[in-house]
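In our numbering, the protein residues as written are 721 to 1299. Beta carbons are placed, not taken as given, at the ideal position from N, Cα and C, and that holds for glycine. Predicted model, so just to flag it, every value in this text is computed and none were measured.
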């Protein structure tokens, strides 16, 4: 047998025999039996591949991988159910009532500590890219100067086009969060030293160029309609934010030009009334009293839908008294917002500030006004997710979120893998994960640091597509997909050969679903190409990709083990040129 061909001979023991007894020490979340089978089959494929690699992996590593997969499915499936609830529908209705120009969208970082939910209580319409710097949809322009343009037909352009089909104005939050590793490394590449403000000023300048590009796109493609870019700088260590860093007189302040937006200078600028700090808004006794009156114990990770509705119900209750107070402070920093023609933008900005102040207040203080630790201020990501958005925060399996279109996805995965391993070294992970590590490895847990990191990839059946019947979903979940990874043929098959192999496993898969599964395969081929940053990690099993077909709301339908231990020398030219 060719040494590069996977041996499909049945093995003497299945994956459950290797580590099943270890699972008895873990508090596994309950999932449907079909999910259990998906995980069991996927781990069997991983174990079989490790045997071919002659890898002597500790059984506890398989137990942890099983645990993480189950934990992932349980948290995401539960959130999917919450997103369909009446609580979320009612919360969205309140948002539409309060926002005069429509619910804002947002361009934010992949950092799990940064989300529209924590920033402004929102859960839809976010683009997540490293530092929120979208270099896929915003491209350098031929115009003089350092200008950008929105790529026509790109995802961001499509988002604007869809929004303008039903509204005249789109509010876009452009966030430049403090302490951003991606922004810091971008500046470090240019100036060869670490910037004092971690690249925050440079990132704000980039967001100003992005804002101009949005505005110009609307003028050309949607005359009479417009986008309102709102710049924020979220602090992931506290949950509060700053507004106004993009103002010309601020970004060109001699202190800012010399040192950037360092933390002391940000607070100095806010104290001088040149920018707004939502943390300083709490010093206003009237605002503080209002927030205290509407206080509740918020836990978005464990009561996402329920507490989202409570949040917006209370915001509606306080808005009549709170918004005028916020608008007065807002117009002191942005005098141009005083005009009657800016009244709706003024309210939009004020509502973002009020919402952030209230959420951060609830996360930083007890009901007796005493201080408590901010619960989302530490990197504790444990998995990587290649998707355009997530509905966090989650109680477990917190994730980096990466744009699947990124041309640097392999590099990004390695960057994030390093952070996850650092998190493990420090013991920074969710409580359920800490308990699992302690149960398997004891108090030290250092042996867990080297365990595989899971990387989830998705293709979704969209709402507008024909939906699979319950019978087909059952077949897809129950099928044995291990034959796909039994050899490396999935790398070299033509599309039509691959479609035929799908038919041999499950008959009657609609064409549009076959295409989605094939898209997953093509993305796997691209990721496994030789010489990329993540190639060695994937081939060695240090990274475990989880290729997922999902429904419109991210409910998992099937997992496809597009994995390999190496390349067949005979097929390398074909593999490299496959379309």
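Output needed for residue 928: all residues of its chain with C-beta closer than 7 Å, excluding positions within five of it in sequence on either side, in chain order. 966
Give me the residue from 1252, 1199, 1236 with the minimum Cα distance to residue 1227. 1199
Counting C-beta neighbours from all protein chains within 10 Å, is the total for residue 1048 16 or more, i.e. buried, or is it exposed? Under the 10 Å beta carbon count, residue 1048 is surrounded by fewer than 16 other beta carbons and is classified as exposed.
For residue 947 versus residue 868, is the C-beta distance shorter than 8 Å? no
Pick from 924, 845, 816, 934: whose alpha carbon is nearest that of residue 861? 934
Within the same chain, show all residues whose beta-carbon is closer than 7 Å to that of residue 1006, passing over the 5 residues directly before and after it, in chain order. 1045
Going by DSSP in three states, residue 1121 sits in which element: helix, strand or coil? strand
Residue 1267, enclosing beta strand (DSSP E) - first and last residue: 1263-1270
Is the beta carbon of residue 1120 sitting closer than 8 Å to the one on residue 1134? no
Please classify residue 1289: is it buried, with 16 or more other beta-carbons within 10 angstroms of its beta-carbon, or exposed? exposed
Within this structure, are the beta carbons of residue 847 and residue 876 separated by less than 8 Å? yes
Those runs of the alpha helix (DSSP H) which lie wholly inside the region 734-791 and span at least 4 residues: 735-739, 753-773
Contact check, residue 964 vs residue 996, beta carbons under 8 Å: yes
Beta strand (DSSP E) segment containing residue 1276, residue limits: 1276-1280
Buried or exposed, going by whether 16 or more other CB atoms sit within 10 Å of the CB of residue 1112? buried
Does chain C have any CB closer than 8 Å to the CB of residue 828? Of the protein chains in this structure there is only one, and it is not chain C.
So if DSSP puts residue 1300 in a beta bridge, which residue, or which two residues, is it bridged to? As displayed, the chain neither begins before 721 nor continues past 1299, which places residue 1300 out of reach and without an answer.
C-alpha distance - residue 747 paired with residue 1097, whole-angstrom precision: In this structure, the CA atom of residue 747 is about 26 Å from the CA atom of residue 1097.
Per-residue burial, residue 1130 [other beta carbons within 10 Å of its own, 16 or more giving buried]: buried
Supposed close pair residue 789, residue 762 - CB separation, criterion 8 Å: 7 Å
For residue 889, which of helix, strand or coil comes out of DSSP? strand
Determine the direct distance from the alpha carbon of residue 985 to that of residue 991, and round the result to whole angstroms. 10 Å
Thinking C-alpha only, which one of 775, 784, 1003 is nearest residue 1152? 784
Pairwise C-alpha distance: residue 884 and residue 942: 8 Å
For residue 723, count neighbouring C-beta atoms within 10 Å of its own C-beta (all shown protein chains included) and say buried if the count is 16 or more, exposed if not. Legend: pLDDT at residue 723 = 38, less than 50; position of this residue unreliable, value from coordinates given subsequently. Exposed.
Top-ranked residue by Cα proximity to residue 858, from 987, 1191, 872, 1216: 872
Beta-carbon within less than 8 Å of residue 936's beta-carbon, same chain only, minus the 5 sequence neighbours each way: which residues are those? 869, 870
Just to confirm the assignment, what range does the alpha helix (DSSP H) spanning residue 1040 have? 1024-1053
Residue 1297 classed as buried or exposed, judged by whether at least 16 other C-beta atoms fall within 10 angstroms: Exposed, since its Cβ has fewer than 16 Cβ neighbours within 10 Å.
Does the beta-carbon of residue 1022 have 16 or more other beta-carbons within 10 angstroms, so that it is buried, or is it exposed? exposed
Closer than 8 Å is the cut-off here; do at least three beta carbon pairs connect the region 1244-1252 with the region 1157-1164? no
Residues of its chain near residue 1273, where Cβ-Cβ distance is below 8 Å and the 5 sequence neighbours each way are ignored: The residues are 800, 803, 804.
For residue 722, three-class secondary structure by DSSP: Note that residue 722 has pLDDT 40, beneath the 50 cutoff, so the model's placement of it is unreliable and no number is given.
Leaving out the 5 sequence neighbours to the left and right, which residues in its chain are closer than 6 Å to residue 1229 when beta-carbon positions are compared? 1222
Among 970, 1236, 1174, which residue has its Cα nearest to the Cα of residue 1054? 970
Mapping the DSSP letters down to three states, classify residue 730 as helix, strand or coil. At residue 730 the pLDDT is 39, less than 50, meaning the model places this residue with poor confidence; the figure from the coordinates comes in the next sentence. Note: residue 730 maps to coil in three-state DSSP.
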